[in-house]
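So the structure is just underneath, and the comments pick up after that.
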Amino acid sequence: MAPYTITYFAVRGRCGAMRIMLADQGQEWKEVVINYENDWMKGDLKATCVFGQLPKLQDGDLELFQSNAILRHLGRTHGAYGSNNKEASLIDMMNDGVEDLRLKYGKLIYQEYDTGKDQYLKDLPDHLSKFDAYLAKNKAGFLVGDKVSFADYSLLEVMLNHQVLCATCLDSFPALKAFVAKMSARPKLKAFLDSDDWKKTPINGNGKQ
Ligand code: 6SG
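Residue 2 is where the sequence shown starts when you use my numbering, and the numbers rise one by one after that.
If you want it as structure tokens, here you go:
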């Protein structure tokens, strides 16, 4: 039986990175897909969620909310949280940087897609350059240390979304572009990214991408 269950809406949204991570780590998981209008708005699930929101990860008797806490839990469980405390702290720092960009992206998609896309794409190189410079310092090809971490999965997922938003957005950032290519080519991850489970699930809940 799959040890993990993810409960979420029928989008990648805040579950893209954790799914990528589980797939790359060779884990199986079950998906409970929640329909927004009926299950969520009219059902009683929301009241059982610690912050009234999804996603939820079930790991045995542990029920966990908050997507970044879930990434950290999986990172701790599967050895994707650095090799020592210092690396773990740097991984936290980089994941918080990814979260900042994820929030900006979410604001664009859900609040200002029609009015703010030009400005967003003008500002984007400044944000991407920071990840590019950080990656360029580490010859191992990961954000931190010599093995993959949950922050790498989160950065990869946000970058894949940005390549859909703007296919050429990584072209001026060789380290970031190489990171995306190398991560996406990891065999288990590649198989997942090529699957219908991934490809047919919309990136966002409002159809914009
Ligand atoms: C929405 O915000 O997709 N959870 C969301 N929405 C329902 O009643 N800090 C935490 C975390 O990191 C944020 C959780 C997050 O885990 S995810 C939630 O629970 C609520 O608040 C973003 C996302 N939004 C699109 C969406 C899909 C289903 C509901 C919202 C379909 C599309 C738009 C509405 C219906 Fe839709």
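Cβ coordinates follow ideal geometry from the N, Cα and C atoms, glycine included.
Taking the DSSP output, what are the residues bridged to residue i?
{"i": "Glu-32", "result": "Ile-7"}
{"i": "Gln-59", "result": "Thr-6 and Glu-64"}
Would you say the beta carbon of residue i is closer than 8 Å to some non-hydrogen atom of the ligand 6SG?
{"i": "Pro-4", "result": "no"}
{"i": "Tyr-111", "result": "yes"}
{"i": "Leu-161", "result": "no"}
{"i": "Gly-98", "result": "no"}
{"i": "Asn-69", "result": "yes"}
{"i": "Leu-55", "result": "yes"}
{"i": "Arg-73", "result": "no"}
{"i": "Tyr-154", "result": "no"}
{"i": "Asn-39", "result": "no"}
{"i": "Lys-201", "result": "no"}
{"i": "Gly-76", "result": "no"}
{"i": "Phe-10", "result": "yes"}
{"i": "Arg-15", "result": "yes"}
{"i": "Gly-1", "result": "Look at the range of the chain in this structure, 2 to 210, and you will see that residue 1 is not part of it."}
{"i": "Phe-151", "result": "no"}
{"i": "Gly-142", "result": "no"}
{"i": "Phe-1", "result": "Shown here, the chain extends from 2 to 210; a query on residue 1 therefore has no answer."}
{"i": "Lys-148", "result": "no"}
{"i": "Lys-209", "result": "no"}
{"i": "Lys-108", "result": "no"}
{"i": "Lys-47", "result": "yes"}
{"i": "Gly-206", "result": "yes"}
List the whole-angstrom C-beta distance separating residue i from residue j, where the pair is believed to meet the contact cut-off of C-beta under 8 Å.
{"i": "Asp-25", "j": "Lys-189", "result": "5 Å"}
{"i": "Ile-21", "j": "Glu-158", "result": "6 Å"}
{"i": "Pro-203", "j": "Arg-15", "result": "Wrong, their Cβ atoms sit about 13 Å apart, outside the cutoff."}
{"i": "Gly-98", "j": "Lys-47", "result": "So it is not a contact: roughly 30 Å between Cβ atoms."}
{"i": "Glu-88", "j": "Gly-146", "result": "5 Å"}
{"i": "Lys-31", "j": "Thr-6", "result": "5 Å"}
Using the rule of at least 16 other Cβ atoms within 10 Å of the residue's Cβ for burial, across every protein chain shown, is residue i buried or exposed?
{"i": "Leu-63", "result": "exposed"}
{"i": "Asp-153", "result": "buried"}
{"i": "Asn-96", "result": "buried"}
{"i": "Asp-93", "result": "buried"}
{"i": "Tyr-111", "result": "exposed"}
{"i": "Arg-77", "result": "exposed"}
{"i": "Val-34", "result": "exposed"}
{"i": "Met-42", "result": "exposed"}
{"i": "Ala-70", "result": "exposed"}
{"i": "Asp-133", "result": "buried"}
{"i": "Gly-27", "result": "exposed"}
Using a threshold of 8 Å, is the CB atom of residue i nearer than that to any non-hydrogen atom of the ligand HEM?
{"i": "Val-51", "result": "Absent from the structure shown: the ligand HEM. Ligands present: the ligand 6SG."}
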